[in-house]
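With this note's numbering as the guide, the letters of the sequence shown map in order to residues 1 to 327. Built from N, CA and C at the ideal position, the CB exists for glycine as well. Model, not experiment: these values are computed from the prediction. Worksheet: the structure to be examined is printed underneath.
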Amino acid sequence: MEATTRRGLILATPALLLTPSLVRAQGSYPERSINMVVPFAPGGVTDIAGRIVAKGLEARLGKPVVVENRGGAGGNIGMEFVARSAPDGYTIVFGTQGTMSCNQFLYPNIGYDVRRDFSQVGLTFLTDHILVVGPRLAQVKSIQDLVALAKSRPGELMYGSAGVGGGSHLFMEYFLSLTGTRMTHVPYRGTGPAVTDLIGGNLDLMMDSLPSSIGMIDAAKTRPLAVGGSVRNPRVPSVPTMVEAGVPGYEAAAWGSIAVPKGTPQPIIDRLSTALRDTLNDAETKQALADKGASGLPSTAAEADARVASEMERWGKVIREANITAS
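Put into structure tokens, the structure is as follows:
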């Protein structure tokens with residue numbers, strides 16, 4: 001018994017000696033600035049939300065969180081860059097629904113695999129998309145009016161988007177699928193040109209993010225018919241949800257998440273995840289996001305994983321059924 005006890009103590013000694021150093025290593029992160037890659041150009045919804053979140057993370061982690069825009073190929077360039085970075089917690093990505101759950105179905109080769117190459121830290125933001133009609137559809141006052149018109153003129157109505165495979169495209173295809181209607185898709189290189197053509201009378205309608213649309217709505221240059229979220233948006237409280245407007249089962253909103261390269265130590269992921277949740281629960285962050293028509297989406301890493309997986313299943317089906325491809 002005595003020999004066994006002595007042997008147990010000898011075996012346990014290295015672990016006991018290592019424990020303080022492991023604790024110190026965990027507690028020392030971060031020791032320098034963190035590079036947060038936004039895989040899109042500056043000025044868009046993702047970039048704006050990313051900078052708001054970065055500010056909050058800085059306050060909680062005690063080190064600079066530097067936003068780096070690496071746009072291109074629907075976000076694939078920035079995502080691949082992070083996937084190939086060292087898994088040390090100093091290069092993270094502020095991704096989106098598209099880069100996390102959709103691009104693998106849209107592009108023949110995106111250069112990364114979300115499940116293989118990344119670990120989720122947590123969800124970040126949610127922003128509604130809103131279906132608006134332009135002056136060419138002045139007679140359309142509701143979703144039911146729109147569906148009736150589309151069914152009477154199959155394929156004739158034209159809707160614009162910010163590009164093939166983006167939220168403004170996929171969310172509209174989801175609407176067409178649930179309502180059994182057909183329209184013609186007109187993709188643009190960005191939201192701006194599409195909105196210009198919509199208010200100029202060259203398009204009929206558009207499903208756009210609320211932050212991008214709110215100026216035209218406030219100026220009465222477009223008419224909002226419904227928001228895609230599960231509840232009404234406080235920025236446009238009189239606009240019904242799709243379900244309220246008569247499209248059962250419709251729920252689609254743009255969201256984001258932060259992820260790190262696979263292999264990042266769990267204590268670092270936990271530290272980032274806690275800091276992210278605290279940031280999103282902070283009143284100042286909430287207000288900053290709300291001012292842009294977005295809301296925080298605090299979650300655990302496991303909840304972010306589940307969201308990515310469920311959105312892959314949903315949007316993979318929409319993309320396949322609509323035969324959408326991007327290059």
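- If only complete runs of 4 or more residues are kept, the region 81-108 shows the alpha helix (DSSP H) at 103-106, in order along the chain.
- Relative to the Cα of Gly-263, the nearest Cα in the group Gln-120, Tyr-107, Arg-314 and Asn-103 belongs to Gln-120.
- For Asp-128, there is no enclosing alpha helix (DSSP H); the residue is found in the beta strand (DSSP E) stretching over 118-133.
- Residue environment for Asp-208: buried (at least 16 other C-beta atoms within 10 angstroms of its C-beta).
- The count of Cβ pairs closer than 8 Å, one atom from the region 100-118 and one from the region 51-71, stays below three, leaving the stretches out of contact.
- Per the C-alpha coordinates, the member of Ala-283, Asp-145, Leu-149 and Asp-128 positioned closest to Ser-212 is Asp-128.
- For the pair of segments examined, the region 274-281 was found not to touch the region 30-38: the number of CB pairs separated by less than 8 Å stays below three.
- Apart from the 5 residues on each side of it in sequence, Asp-117 sits with its Cβ closer than 6 Å to the Cβ of Ala-83 and Lys-262 in its chain, given in chain order.
- Shortest Cα-Cα distance from Arg-153 to any of Asp-204, Pro-224 and Trp-255 involves Asp-204.
- If you draw a 10 Å sphere on the C-beta of Asn-76, you find 16 or more other C-beta atoms in it, and that means buried.
- Residue pairing of Ile-34 in beta bridges, as defined by DSSP: Val-65.
- The three-state secondary structure of Gly-180, taken from DSSP, is coil.
- Each residue's CA atom was taken as its position, placing Leu-123 and Ala-220 some 33 Å apart.
- Shown here, Leu-225 sits in a strand according to DSSP, grouped into three states.
- In the three-state DSSP reduction, Tyr-250 falls in the coil class, being neither helix nor strand.
- In the three-state reduction of the DSSP assignment, Thr-279 falls in the helix class, which pools H, G and I.
- Here Ile-324 carries a coil assignment [DSSP, helix/strand/coil].
- The distance from the Cβ of Ala-245 to that of Leu-272 is about 39 Å, inconsistent with a contact at the 8 Å cut-off.
- It is roughly 30 Å from the alpha-carbon of Gly-74 to the alpha-carbon of Pro-135.
- Between Gly-256 and Phe-171, the C-beta spacing is not below 8 Å.
- When beta bridges are read from the DSSP output, Met-242 appears opposite no residue.
- For Asn-323, the number of other beta carbons within 10 angstroms of its own is below 16, and it is reported as exposed.
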